[in-house]
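The block underneath contains the structure these notes are about, expressed in structure tokens.
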Amino acid sequence: MPSTGGARFVQPLDRISPTLARWALVLALLLGLAARSSAEVATLIVDPHGRGDGATEASEPYGYALFGGVAYFTASDNEHGHELWRSDGTAAGTRMVSDITPGEIDSYPFYYTPMGGFLYFTAVGSGVPGLYRTDGTTVGTTLVTAFPYLGDSDETGPVHLVAVGSTLFFAAETAAEGYELWKSDGTPAGTTLVEDINIGPGSSFPQRLTASGGLLFFSAYAPFAGRELWKSDGTLAGTQQVRDIYPGAVGSDPDNLTAVGATIVFSAMTAANGREPWKSDSTLIGTVIIEDIQAGAGSSNPLNITQVGTSAVVFSANDGVSGTELWLSTGALTAATTALYQDINPGSASSFPSELRKLGDWLMFAANDGVHDVEPFLISTGPAFMLKDISLTGGSYPSVLGLTSTAVLFSATSDGLGSELWKSDGTPGGTVLVKDIDPGVGDGVYGDAVALDATRVLFVGRDGVHGSETWITDGTTAGTGMVSDVRNVPGESDIRWLTPTSRGLFFTATDGVNGSEVWISRGDAGSGRMLMDISPGADSSNPIFYTEVEGTVYFSARNSATGRELWKSDGSTASVIDIRPGINGSGPDDLRRLGSRLLFAADNGVNGKELWVSDASGTAMLIDLNPGPAGSYPSRMIVMGSTLFFQANDGVRGTELWSTDGTAGGTTLVHEFIPGATGGSISDPAVIGSTLYMGASDGVNGYELWKSDGTDAGTVLIKDIFGGALSSNPQGFTLAGGLVFFAARDAASGTELWRTDGTPAGTQQVTDVVAGTGSSYPHSLCAFGSRVAFVAREPVTGLEVWLSDGTVAGTSIIADIYPGGTMTGLSGLMSANGNLYFSANHPLSGEELWMSDGTSGGTRLAVDLYPGQGSSTPRWITAVGPTIFFSATDLTHGEALWRMDAGGPGGAKRTYLEARNLGAVDNLVPQAFGGDGCGTGAGTATAMVIAFMMLMLAGQRRRR
Numbered sequence: 003m004p005s006t007g008g009a010r011f012v013q014p015l016d017r018i019s020p021t022l023a024r025w026a027l028v029l030a031l032l033l034g035l036a037a038r039s040s041a042e043v044a045t046l047i048v049d050p051h052g053r054g055d056g057a058t059e060a061s062e063p064y065g066y067a068l069f070g071g072v073a074y075f076t077a078s079d080n081e082h083g084h085e086l087w088r089s090d091g092t093a094a095g096t097r098m099v100s101d102i103t104p105g106e107i108d109s110y111p112f113y114y115t116p117m118g119g120f121l122y123f124t125a126v127g128s129g130v131p132g133l134y135r136t137d138g139t140t141v142g143t144t145l146v147t148a149f150p151y152l153g154d155s156d157e158t159g160p161v162h163l164v165a166v167g168s169t170l171f172f173a174a175e176t177a178a179e180g181y182e183l184w185k186s187d188g189t190p191a192g193t194t195l196v197e198d199i200n201i202g203p204g205s206s207f208p209q210r211l212t213a214s215g216g217l218l219f220f221s222a223y224a225p226f227a228g229r230e231l232w233k234s235d236g237t238l239a240g241t242q243q244v245r246d247i248y249p250g251a252v253g254s255d256p257d258n259l260t261a262v263g264a265t266i267v268f269s270a271m272t273a274a275n276g277r278e279p280w281k282s283d284s285t286l287i288g289t290v291i292i293e294d295i296q297a298g299a300g301s302s303n304p305l306n307i308t309q310v311g312t313s314a315v316v317f318s319a320n321d322g323v324s325g326t327e328l329w330l331s332t333g334a335l336t337a338a339t340t341a342l343y344q345d346i347n348p349g350s351a352s353s354f355p356s357e358l359r360k361l362g363d364w365l366m367f368a369a370n371d372g373v374h375d376v377e378p379f380l381i382s383t384g385p386a387f388m389l390k391d392i393s394l395t396g397g398s399y400p401s402v403l404g405l406t407s408t409a410v411l412f413s414a415t416s417d418g419l420g421s422e423l424w425k426s427d428g429t430p431g432g433t434v435l436v437k438d439i440d441p442g443v444g445d446g447v448y449g450d451a452v453a454l455d456a457t458r459v460l461f462v463g464r465d466g467v468h469g470s471e472t473w474i475t476d477g478t479t480a481g482t483g484m485v486s487d488v489r490n491v492p493g494e495s496d497i498r499w500l501t502p503t504s505r506g507l508f509f510t511a512t513d514g515v516n517g518s519e520v521w522i523s524r525g526d527a528g529s530g531r532m533l534m535d536i537s538p539g540a541d542s543s544n545p546i547f548y549t550e551v552e553g554t555v556y557f558s559a560r561n562s563a564t565g566r567e568l569w570k571s572d573g574s575t576a577s578v579i580d581i582r583p584g585i586n587g588s589g590p591d592d593l594r595r596l597g598s599r600l601l602f603a604a605d606n607g608v609n610g611k612e613l614w615v616s617d618a619s620g621t622a623m624l625i626d627l628n629p630g631p632a633g634s635y636p637s638r639m640i641v642m643g644s645t646l647f648f649q650a651n652d653g654v655r656g657t658e659l660w661s662t663d664g665t666a667g668g669t670t671l672v673h674e675f676i677p678g679a680t681g682g683s684i685s686d687p688a689v690i691g692s693t694l695y696m697g698a699s700d701g702v703n704g705y706e707l708w709k710s711d712g713t714d715a716g717t718v719l720i721k722d723i724f725g726g727a728l729s730s731n732p733q734g735f736t737l738a739g740g741l742v743f744f745a746a747r748d749a750a751s752g753t754e755l756w757r758t759d760g761t762p763a764g765t766q767q768v769t770d771v772v773a774g775t776g777s778s779y780p781h782s783l784c785a786f787g788s789r790v791a792f793v794a795r796e797p798v799t800g801l802e803v804w805l806s807d808g809t810v811a812g813t814s815i816i817a818d819i820y821p822g823g824t825m826t827g828l829s830g831l832m833s834a835n836g837n838l839y840f841s842a843n844h845p846l847s848g849e850e851l852w853m854s855d856g857t858s859g860g861t862r863l864a865v866d867l868y869p870g871q872g873s874s875t876p877r878w879i880t881a882v883g884p885t886i887f888f889s890a891t892d893l894t895h896g897e898a899l900w901r902m903d904a905g906g907p908g909g910a911k912r913t914y915l916e917a918r919n920l921g922a923v924d925n926l927v928p929q930a931f932g933g934d935g936c937g938t939g940a941g942t943a944t945a946m947v948i949a950f951m952m953l954m955l956a957g958q959r960r961r962r
């Protein structure tokens, strides 16, 4: 037998033991990570919890569902993302059931629905959405069916789960059928499409799924009828439109579907009657209007439809005389048995009943009687009455949590307290505060709740020391407490809106004592401080839109005295520009610098939302484009040279494209996409040189690729990419190598990377990353030298960073950072200092800051702030010259502000700046300054970069 040399010991993979195979995979991952890692060690400069308040992060529980006497819910702990948990109301009985996506990556279980001996739910397992079920054990938690990932958000999978007998119905999306109605018996083979209502890849988007009389009722869209009422028994033949309530393609848009025995009660719209209450017994003839409460084409807009008794419903509606009040329909649910139950706020004023909850023989709800603002009301056997005027200075806005054998438990806000735990035995005297969980004005009670049994209710609570966790109450002070501090790591500072200026690095953050306020840092270690507590105490002013003009930093912020208004700062303090005196605020947004002036949209309470200007001489409305109180609502503002482009509605032409040079006389209509009052809004405008690129619709084509040179004649459709009335939705316009790259959709290839030189012939798809009608959904486009970097997803490698020079051959993935197509934590792509920086996830290092020179070998972990599989979760990645700023978490700190001074491989230096606690980063908006930055920042701003770097150097000298 001939020798096989070194190959003689190699075994086929299927003959290697599972244990050895697992270790081989781990070794491969370790070697791969080591090859891509830096050896740098972070230096701690400031301890964010030197105050010693012990505040911890939130496990953020939600979705409580009772199954087998145990509450199941979604939460995260120190080592895992948002996963499936269970609790019996004790610390020992509170534990994670299954880590569906291993490590700190979230699987986000949701739509918990019991059926048979299992609890069904949806989750994203290792980047793949799917239908799951559990029997309450780890081994008994399994995937039923996975659904293909079709978008750049993990929301492709099953939604709106409802059990009808032994059949689980839900809506889900596939590439071939779009979002349609599915069913499952709990097995992979028994999970099938019920009907492709909108035939082909179009979607019917089933909504309001409701079980009644052994059938499923739901609303769905079909091209021939619009959105109407449908029913299904789980078979193709038994899935039918019940009635075309609004004849033709408009649709009646059924809403508020409520089961009353075998009858479904809902609201629907018709041309003759407006939106009114309807009922259906599943037959065409039995689907009829209950009563035209507001006679004629006007709408009573029934809401909060709630069953009471065996065959009655209550709901809020407006008859045009008594305002929006409580109505009752009984017996056969006809006009003869439907009437106003009570005019709680007498006359034409409205009490706006809401939060209706049937609690045994009681109906509890919130309403405003015109004297006491929004307070709790109760119906027992007679008229509704206010339980208690809980807040003497405003509304308490009660929300029911659950019912025990002795009382109803609810949250409410009272004078001097936030939203806290209350109870009532059905009498004013028995309506009392149970516990002030977060002492003072902080909110102690949040969101979801479930009754464990006749004496205990679980709910989401926060005491000001721990983040939001699962709490339990028996209705007594002593019996109310936190079940378990599931996530007990240091709290976060909720850092947002990182914006370098010549005055310093502005950002929004909270220190755990004050709410989210405006902060500033020189950029050197220990220099961060709160600039001003605009909304005093734990309340938040939530500053946004930091914009520098001539050394003054403008932003929008709110407090209880002025509402949301325009503020300005010189870096030492801040002051308000009160455009609309009083508590309502002018709501300034879309702040833009145009030369030496600030332009923005605001509403002064007289002229509606219009274009305003502010500079050293003062602040004034630039022009009243839509005279009177309606407002023109300027938006999508973008600067090109000395001109600001925006869209607005002048009350005559609808929403169209306008421009201004910063003067009233220089404010003109650029182009009317759809002549007349209809208007044709623009989307995702971007300035490339002296050309404005955008998506727009002219009423004939869908949203397609347009360009403008600022003139009517020069505003033209470049190419109808999708063809006809459907839209290609072009977005992400980015200049690289003389070409404009963007993402767009066509019928043959889905959403892929495109390029244009501004001509029809020069507008073409670069490459079809996911062959056929599937989509790679390129996003986060970023110029990188003469190429464009972007994030895309394809089935083999999953979500990764790609590069393109505009050719098929020159378009490829940079590196498969997370092998196996399961990357879920890739964000913040930014180009600076000859490198790409971004947040990415690796199975052995968690989500950390990565960098790349555009090659596979040069793509590496830049900083591992949270060693091991834990994640530092970098956000707000921002460059100023050679320095990279970002927010992140390490082993001992909550979210903090960090810096990395770029150098060669292994040569970067990281400096911890500032951190405070409590909060979470929800939306990443990357910003870049200096270099060849991309994202939503201001790009290269040489004078600002120099001024900011001088601030950092000055701070470093002071410490020497």
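Per our numbering, the sequence shown starts with residue 3, numbered consecutively. Just so you know, even glycine gets a beta-carbon here, dropped at the ideal spot from N, CA and C.
Inset, instruction - Classify T237 as buried or exposed, calling it buried when 16 or more other Cβ atoms lie within 10 Å of its own Cβ. - result: By the neighbour-count rule (16 or more Cβ atoms within 10 Å), T237 is not buried but exposed.
Inset, instruction - Put A337 into one of helix, strand or coil per three-state DSSP. - result: helix
Legend entry - Nearest-angstrom Cα separation, counted from Q296 out to W804: 57 Å
Inset, instruction - Quick one: using the 10 Å Cβ neighbour count with 16 as the cut-off for buried, is R531 buried or exposed? - result: exposed
Legend entry - Residue span of the beta strand (DSSP E) that contains I381, given as start and end: The continuous beta strand (DSSP E) containing I381 extends over residues V376 to I381.
Inset, instruction - Kindly confirm or deny that the segment 80-99 and the segment 502-512 touch, where touching means at least three C-beta pairs closer than 8 Å. - result: no
Inset, instruction - Confirm, please, whether the CB-CB distance from V608 to P631 is below 9 Å. - result: yes
Inset, instruction - Leaving aside the five residues before and after I684 along the sequence, list all residues of the same chain whose C-beta is less than 7 Å from its C-beta, in chain order. - result: R638, Q649, L659, M696, G697 and A698
Inset, instruction - Pick helix, strand or coil for T645, following the three-state DSSP scheme. - result: strand
Legend entry - Cβ separation of G311 and A264, assumed to be a contact under 8 Å, to the nearest whole Å: Contact flag wrong, Cβ pair sits at about 15 Å.
Inset, instruction - Can you tell me which of the three DSSP states S155 falls into? - result: Residue placement at S155 is flagged as unreliable, the pLDDT there being 41, under the threshold of 50; a coordinate-derived value is accordingly withheld.
Legend entry - Euclidean distance between Cα positions of V252 and M271: 10 Å
Inset, instruction - Measure the Cβ-Cβ separation of S874 and T894 and say whether it is below 9 Å. - result: Going by beta carbons, S874 and T894 fall outside the 9 Å limit.
Inset, instruction - Flag this pair as touching only if the segment 555-568 and the segment 532-545 have three or more C-beta atom pairs under 8 Å; answer yes or no. - result: yes
Inset, instruction - Write down every uninterrupted run of the beta strand (DSSP E) in the segment 193-229 whose length is 3 residues or greater and which is fully enclosed by it, in chain order. - result: 194-197, 209-214 and 217-224
Legend entry - Proximal residues to K611 (C-beta, below 8 Å), its chain only, five neighbours per side dropped: G589, A603, A604, D605, G633, S634, Y635 and P636
Legend entry - beta-carbon G142 near the ligand HEM non-hydrogen atom, thresh 8 Å: Because no ligand of any kind appears in the structure shown, any question about the ligand HEM cannot be addressed here.
Inset, instruction - Within 10 angstroms of the Cβ of F226, are there 16 or more other Cβ atoms? Answer buried if so, exposed if not. - result: The residue in question, F226, is exposed, as its Cβ has fewer than 16 Cβ neighbours within 10 Å.
Inset, instruction - Starting from R901, trace the beta strand (DSSP E) both ways and give me its first and last residue. - result: A898 to D903
Inset, instruction - On a CA-only basis, which of S407, N370 and T406 is nearest S398? Give me that one, please. - result: Closest by alpha carbon: N370.
Inset, instruction - Would you mind stating whether L755 and V702 have Cβ atoms separated by less than 9 Å? - result: no
Inset, instruction - Tell me where the beta strand (DSSP E) around Q243 begins and ends. - result: Q242 to R245
Legend entry - Identity of the residue in A337, Q767, W878 and A811 nearest F840 by Cα: W878
Inset, instruction - Give the secondary structure of V882 by DSSP, where H, G and I count as helix, E and B as strand, and everything else as coil. - result: strand
Inset, instruction - Count the C-beta pairs between the segment 352-371 and the segment 394-412 that are closer than 8 Å, then say yes if the count reaches three, no if not. - result: yes
Inset, instruction - Can you check DSSP and say which residues form a bridge with P502? - result: L507
Legend entry - Any 3 or more C-beta pairs closer than 8 Å across the segment 408-419 and the segment 504-523: no
Legend entry - Runs of beta strand (DSSP E) wholly within the segment 510-591 (minimum 3 residues, chain order): 519-523, 531-534, 546-551, 554-561, 565-571 and 576-579
Inset, instruction - Report the rounded CA-to-CA distance for R524 versus T482, giving the unit in angstroms. - result: 45 Å
Legend entry - Bridge partner(s) assigned by DSSP for P131: V126
Inset, instruction - Can you grab the Cα-Cα spacing for the pair E916 / Q243, in whole Å? - result: For E916, the pLDDT reaches just 31, beneath the cut-off of 50, and the residue's location in the model is therefore unreliable, leaving the point undetermined.
Inset, instruction - Can you have a look at N586 and say buried or exposed, based on whether 16 or more other CB atoms are within 10 angstroms of its CB? - result: exposed
Legend entry - Buried or exposed by the 16-neighbour rule on C-beta atoms within 10 Å, applied to L794: The amino acid occupying residue 794 in the given sequence is Ala; Leu does not appear at that position. With 16 or more other Cβ atoms within 10 Å, it is buried.
Legend entry - 3-residue-minimum beta strand (DSSP E) runs that sit fully inside the segment 825-882, ordered along the chain: 829-834, 837-844, 848-854, 861-865 and 877-882
Legend entry - Neighbourhood of D156 by C-beta distance below 8 Å, restricted to the same chain and skipping five residues each side: For D156, the predicted structure reports a pLDDT of 40, less than 50, and the residue's modelled location is therefore unreliable. The matter cannot be settled from this model.
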